[in-house]
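Numbering (the working numbering), first residue to last: 37 to 333.
The beta-carbon is built from N, C-alpha and C at its ideal position, and this holds for glycine as well.
Reading through the structure tokens given below for one structure.
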């Protein structure tokens with residue numbers, strides 16, 4: 037029968053090896069729960085008033101009369117700690133790959149139906165966002181045409197998305213991804229020529245990159261690697277041809293703003309600040325779309 041080590045006892049002490057998380061024996065760690073003193077990894081640690089606590093101690097808590105959910109383990113941004121911290125990232129990756137395969141199998145007609153552009157003539161007449169096809173702002177976020185394009189974007193999604201999903205929680209992470217992508221689409225719609233097509237998850241990925249910068253600053257991590265990555269991506273954005281820089285910039289700005297609202301919100305007003313930040317970004321997206329539509333009408 038599997039048993040947890042007694043409180044205060046390091047399960048690695050018997051073997052003389054470095055401390056390992058009591059819930060994930062293969063992960064070395066130097067962090068211990070402030071209540072039971074068992075070693076915990078970064079995935080299992082839950083912020084407490086002093087130090088960190090393990091999920092079991094947080095779940096057990098002390099009888100306070102609060103709803104049971106009040107004692108559930110929470111992420112840095114207040115989300116619920118999930119068993120699979122990459123579930124939403126996997127789903128998003130799967131949707132992108134599925135759309136790519138569908139376009140490859142169906143041909144150009146599906147690509148044309150999902151592509152983002154403001155207004156252009158086709159065999160069926162005028163089409164585009166300005167003609168009431170607002171869904172293109174969303175569908176273009178999951179649309180890729182070249183193998184190298186989806187490969188780079190999905191690599192970025194996997195590398196950046198997992199840690200962010202674990203830190204923010206599933207709902208907050210999904211809101212960050214979708215709003216960043218929509219902000220990138222909206223800025224492209226506003227600035228680019230009406231007939232210019234745009235596609236790809238780059239706006240959402242840049243939103244994740246901006247949020248990673250904010251999160252690492254919040255946790256006092258070494259900023260040099262992520263700042264170097266951001267600078268390199270911005271260099272490619274403005275020097276390579278055929279890149280919709282508007283989507284990158286729009287997604288980056290939205291990602292930074294949303295992440296600031298999520299990780300710096302005061303605990304007593306956390307939901308209000310987080311929901312309010314997301315709502316403001318969404319309102320800005322809608323306002324940009326309506327203004328551009330009015331200009332093209």
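At which residues does the alpha helix (DSSP H) containing residue 157 begin and terminate?
To locate residue 157, count along the chain shown from 1; it is residue 121. Per DSSP, residue 157 belongs to no alpha helix (DSSP H); it is in the beta strand (DSSP E), 156–158.
Suppose you measure from the CA of residue 329 to the CA of residue 110; what does that come to, to the nearest Å?
Taking the chain shown and counting its residues from 1, one reaches residue 329 at position 293. Taking the chain shown and counting its residues from 1, one reaches residue 110 at position 74. So the alpha carbons of these two residues sit roughly 42 angstroms apart.
Which residues in the same chain as residue 100 place their Cβ atom closer than 6 angstroms to its Cβ, once the five residues preceding and following it in sequence are excluded?
As a position in the chain shown, residue 100 is number 64, starting the count at 1. Low local confidence applies: a pLDDT of 40 at residue 100 is under 50, so the model's placement there is unreliable, with the coordinate-based value given in what follows. Around residue 100: no qualifying Cβ.
Please report the distance separating the alpha-carbon of residue 185 from that of residue 308.
Against the chain shown, residue 185 aligns to sequence position 149. Against the chain shown, residue 308 aligns to sequence position 272. Taking the straight line joining both Cα atoms gives about 37 angstroms.
Taking CB distances under 8 angstroms as the criterion, tell me whether residue 315 reaches chain D.
Protein chains in the displayed structure number just one, and chain D is not present.
Residue 234 by DSSP, collapsed to three states: which one?
One-based indexing of the chain shown puts residue 234 at position 198. Strand at residue 234.
Looking at C-alpha atoms only, which residue of 120, 275, 280, 77 is the closest neighbour of residue 197?
Stepping through the chain shown from its first residue, residue 197 is reached at position 161. If we check each option's Cα against that of residue 197, 120 comes out closest.
Starting from residue 163, follow the beta strand (DSSP E) in both directions and report where the run begins and ends.
Locating residue 163 in the chain shown gives position 127, counting from the first residue. 161–163 is the extent of the beta strand (DSSP E) around residue 163.
Determine the DSSP secondary structure at residue 117, reduced to helix, strand or coil.
Within the chain shown, the letter at position 81 stands for residue 117. If DSSP states are grouped into helix, strand and coil, residue 117 belongs with coil.
In whole angstroms, what is the alpha-carbon distance linking residue 56 and residue 143?
Position 20 of the chain shown, counted from the first residue, corresponds to residue 56. Position 107 of the chain shown, counted from the first residue, corresponds to residue 143. Residue 56 and residue 143: Cα-Cα distance of roughly 52 angstroms.
Ignoring anything shorter than 4 residues, give me the alpha helix (DSSP H) runs that lie fully in the segment 218–271, in order along the chain.
Taking only runs of at least 4 residues, the alpha helix (DSSP H) segments lying wholly in the segment 218–271 are 238–254.
Taking residue 182 as the reference, which of 92, 236, 310, 204 has the closest Cα?
Indexing the chain shown from 1 puts residue 182 at position 146. It is 236 whose Cα lies nearest to the Cα of residue 182.
What residues are listed by DSSP as bridge partners for residue 67?
Walking along the chain shown from the start, residue 67 turns up at place 31. For residue 67, which the question treats as bridged, DSSP gives the partners 76.
Could you work out which residue in 292, 285, 204 is closest to residue 124 when comparing CA atoms only?
Along the chain shown, read from residue 1 onward, the residue named residue 124 stands at position 88. Cα-wise, what sits closest to residue 124 is 204.
Do residue 229 and residue 295 have their C-beta atoms closer together than 8 angstroms?
Translated into positions along the chain shown, residue 229 becomes position 193. Translated into positions along the chain shown, residue 295 becomes position 259. Contact flag unset, no.
Which residue from 234, 191, 233 puts its Cα closest to that of residue 244?
Sequence index remark: in the chain shown, residue 244 carries index 208 (1-based). When only C-alpha atoms are compared, the closest one is 191.
Could you check what DSSP says for residue 334 in three-state terms: helix, strand or coil?
Residue numbering for the chain in the displayed model covers 37 to 333; residue 334 lies beyond these limits and cannot be assessed.
Reducing DSSP to helix, strand and coil, say where residue 125 ends up.
The residue you call residue 125 lines up with position 89 of the chain shown. Three-state result, residue 125: helix.
If we count Cβ pairs, one from each stretch, closer than 8 angstroms, do we get three or more for the segment 218–228 versus the segment 280–296?
With a cut-off of 8 angstroms, the segment 280–296 and the segment 218–228 count as touching, because enough Cβ pairs lie within range.
Can you give the Cα-Cα distance for residue 146 and residue 139, rounded to whole angstroms?
Along the chain shown, one-based indexing puts residue 146 at 110. Along the chain shown, one-based indexing puts residue 139 at 103. One C-alpha to the other measures close to 6 angstroms.
What does a CB cutoff of less than 7 angstroms around residue 314 pick up in its chain, not counting 5 residues either side in sequence?
Against the chain shown, residue 314 aligns to sequence position 278. Only 211, 215, 294 meet the Cβ criterion.
Measuring alpha carbon to alpha carbon, tell me which residue in 320, 272, 250 is nearest residue 301.
Mapped onto the chain shown, residue 301 falls at position 265. Of the candidates 320, 272, 250, the one whose C-alpha sits nearest the C-alpha of residue 301 is 250.
Give me, in chain order, the residues of the same chain whose beta-carbon lies closer than 6 angstroms to that of residue 76; leave out the 5 immediate sequence neighbours on both sides.
Working through the chain shown from its first residue, we reach residue 76 at position 40. So the qualifying residues of the chain are 57, 67, 69, 90.
What is the DSSP secondary structure of residue 111, counted as helix, strand or coil?
Against the chain shown, residue 111 aligns to sequence position 75. The answer is coil: DSSP assigns residue 111 none of H, G, I, E or B.
DSSP state of residue 332, grouped into three classes?
Walking along the chain shown from the start, residue 332 turns up at place 296. Here residue 332 sits in helix by DSSP.
With a 10 Å radius around its C-beta and 16 neighbouring C-beta atoms as the bar for buried, classify residue 136 as buried or exposed.
Counted from its first residue, the chain shown places residue 136 at position 100. When all chains shown are included, residue 136 counts as buried.
Quick one, are the C-beta atoms of residue 298 and residue 113 less than 8 angstroms apart?
Position 262 of the chain shown holds residue 298. Position 77 of the chain shown holds residue 113. Yes, they are a contact pair.
Write down the C-beta distance between residue 193 and residue 241 rounded to the nearest angstrom, noting that I regard them as a contact closer than 8 angstroms.
Position 157 of the chain shown, counted from the first residue, corresponds to residue 193. Position 205 of the chain shown, counted from the first residue, corresponds to residue 241. Indeed they touch by this definition, with Cβ atoms about 6 angstroms apart.
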